[in-house]
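Reading through the structure tokens given below for one structure.
Spelled out as structure tokens, the structure:
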């Protein structure tokens, strides 16, 4: 599958209705803020995880061995939470270096956590081996149509509440959220600004080259936007004339995060602040002038103490 459709997202909306929180929207000085960090598990990932599991349940394709994923981050948390909602087992593989706080939180959601290898690649290999041996269903952090369609339900909710919205600004990692949001936005004639850190620009590089490429990852937002390669779904969506792909410096991400705290008393992770930094960039600031704009604040799984302590030294 190379492209999502509005039908995919609407099917996801119907499927997960009542199991996720409807996004709240707040007005800032120059834009609306979609407060998706208030979602279950602290990020938009809960939407895709619910859609993935429910779709397999509907089709009778969810095995007794449950679901498995290699992720010590937001996707793993969402998978563990969604699995628990449906009484199925989530086996989550993380590298041995995974922070204890994340491992403990995964276990609190009921996950069977397996620590394997030194890095994500080792954990992924162990996850795939486990699935082959047990028949468990493998989920992915972002590279699956059901995951992306679930994420796109966020944009349907934004449009329901802001029918006159002209522009949506969203951060991009691997592109699951972006693909879903852009698909819905394009249906309604809404422009999408896809924002990435300069040091983690998988989608921007793919748009530039005309095909998917691997990129180095070195950014303050790498913990949530650190994909080395974007998805084909994301690249397809990014080729639409209503999409603008831009990159921002780490220093701007840090500053946007601090300003959000100082001015609004909202704490988000660097990945969410990346979208806000994009809004403040000169090229986008002029583009959105006079337009109704909504910025997606997609997650807040971070240590609040870090915000006040952090200095703008990046870049």
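Residue numbers (UniProt numbering): 1 to 315.
Note that beta-carbon positions come from the ideal geometry of N, C-alpha and C, so glycine has one too.
Checklist entry - Less than 8 Å separating the beta-carbons of residue 220 and residue 270? => result yes
Checklist entry - How about residue 111 and residue 117: are their beta carbons less than 8 Å apart? => result no
Item to check | residue 57 burial status per 10 Å Cβ neighbour count (16 or more: buried) | outcome: exposed
Item to check | Beta bridge counterpart(s) of residue 168 as assigned by DSSP | outcome: Bridge partners of residue 168: 192 and 294.
Checklist entry - Where does residue 279 fall in DSSP's three states? => result Three-state DSSP puts residue 279 in a helix.
Item to check | Beta-carbon separation (whole angstroms), residue 161 vs residue 25, contact threshold 8 Å | outcome: Yes, they are in contact, since the Cβ atoms of residue 161 and residue 25 sit about 5 Å apart, within 8 Å.
Checklist entry - For the segment 274 to 291 against the segment 44 to 62, are there 3 or more C-beta pairs whose distance is under 8 Å? => result no
Checklist entry - From which residue to which residue does the alpha helix (DSSP H) around residue 160 run? => result First-last of the alpha helix (DSSP H) with residue 160: 145 to 161.
Item to check | Entirely enclosed beta strand (DSSP E) segments - the segment 184 to 256, minimum 3 residues | outcome: 191 to 197 and 243 to 248
Checklist entry - Thinking just about the alpha-carbon of each residue, which of 39, 88, 10 and 209 is nearest to the one in residue 63? => result 88
Checklist entry - DSSP three-state call for residue 306: helix, strand or coil? => result helix
Next on the checklist: With a threshold of 6 Å on Cβ separation, who are the neighbours of residue 315 within its own chain once the five nearest residues in sequence on each side are excluded?
Outcome noted: Only weak support exists for where residue 315 lies, its pLDDT of 43 falling under 50; the coordinates are left without a value.
Item to check | Nearest-angstrom Cβ-Cβ length linking residue 69 and residue 76, presumed shorter than 8 Å | outcome: 6 Å
Checklist entry - Which partner residues of residue 88 appear in the DSSP bridge assignment? => result According to DSSP, which records beta bridges pairwise, residue 88 is partnered with nothing at all.
Item to check | Simplified DSSP state of residue 138, which is helix, strand or coil | outcome: Here residue 138 sits in strand by DSSP.
Next on the checklist: To the nearest angstrom, how far is the alpha carbon of residue 97 from that of residue 300?
Outcome noted: Rounded to the nearest whole angstrom, the CA to CA distance from residue 97 to residue 300 is 22 Å.
Checklist entry - How would you write the range of the beta strand (DSSP E) that residue 268 sits in, first residue to last? => result No beta strand (DSSP E) contains residue 268, which DSSP labels as neither H nor E.
Item to check | Contact between the segment 226 to 242 and the segment 165 to 183 (3+ Cβ pairs under 8 Å) | outcome: yes
Item to check | Status (buried if at least 16 other CB within 10 Å, exposed otherwise) for residue 8 | outcome: buried
Next on the checklist: Run through the DSSP bridge pairs and tell me what residue 68 is partnered with.
Outcome noted: BP columns for residue 68 point to 91 and 138.
Item to check | Euclidean distance between Cα positions of residue 239 and residue 191 | outcome: 12 Å
Next on the checklist: If you measure between the beta carbons of residue 113 and residue 103, is that distance less than 8 Å?
Outcome noted: yes
Next on the checklist: Quick check: residue 225 and residue 172, are their CB atoms within less than 8 Å of each other?
Outcome noted: Contact flag set, yes.
Item to check | Inter-residue CB distance, residue 35 and residue 279 (contact presumed, cutoff 8 Å) | outcome: About 15 Å separates the beta carbon of residue 35 from that of residue 279, a gap too long to meet the 8 Å contact definition.
Item to check | Nearest-angstrom beta carbon gap, residue 159 and residue 184 [assumed within contact, 8 Å] | outcome: So it is a contact: roughly 7 Å between Cβ atoms.
Checklist entry - Are the Cβ atoms of residue 256 and residue 277 separated by less than 8 Å? => result The Cβ atoms of residue 256 and residue 277 lie closer than 8 Å to each other.
Checklist entry - So residue 31 packs on residue 293, CB below 8 Å; how close in whole Å? => result 4 Å
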